[in-house]
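>
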Amino acid sequence: MSKVVIIALLIIFGAIIYETLFPKSEEGFQVMKNQCGVGIQSCPAGTRCINGYCYSNAPPSFPPVTDLPVLPAGRAY
């Protein structure tokens, strides 16, 4: 193999080993720190226990309506 291929493979394997030894502690999604369930504290007011975490009772809402047109002007569909 050429020297370039060997160097590229060493860099790739080095990156894999680094990620294995020093994983990131951040989660891919945001959850509240309050855990709930059997034998654990209950959720604070305004939240409820969903899959072991406290979530808000408020339903999701749409963003505010804007004055932007839904369809381009002059086009009839």
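Take 0 as the starting number for the sequence shown in numbering that gives the first Met the number 0 and just add one per residue.
Where a beta carbon is used, it is the ideal one built from N, C-alpha and C, also for glycine.
To the nearest whole angstrom, what separates the beta carbons of Y52 and Q34, a pair I think is in contact under 8 Å?
With a Cβ gap of about 6 Å, Y52 and Q34 count as contacting.
> Give the DSSP bridge partners of Q40, in chain order.
Answer by DSSP bridge pairing: none, since Q40 is not bridged.
> May I ask you to list the residues that DSSP assigns as paired with C35?
DSSP output for C35 lists no bridge partner at all.
> I need the DSSP call for T19, collapsed to helix, strand or coil.
Reduced to three states, the DSSP call for T19 is helix.
> Cα separation between A7 and I16?
Taking the straight line from one Cα to the other gives about 14 Å.
> Compute the Euclidean distance between the alpha carbons of G38 and P63, then round it to the nearest angstrom.
Each residue's Cα considered, the two are about 41 Å apart.
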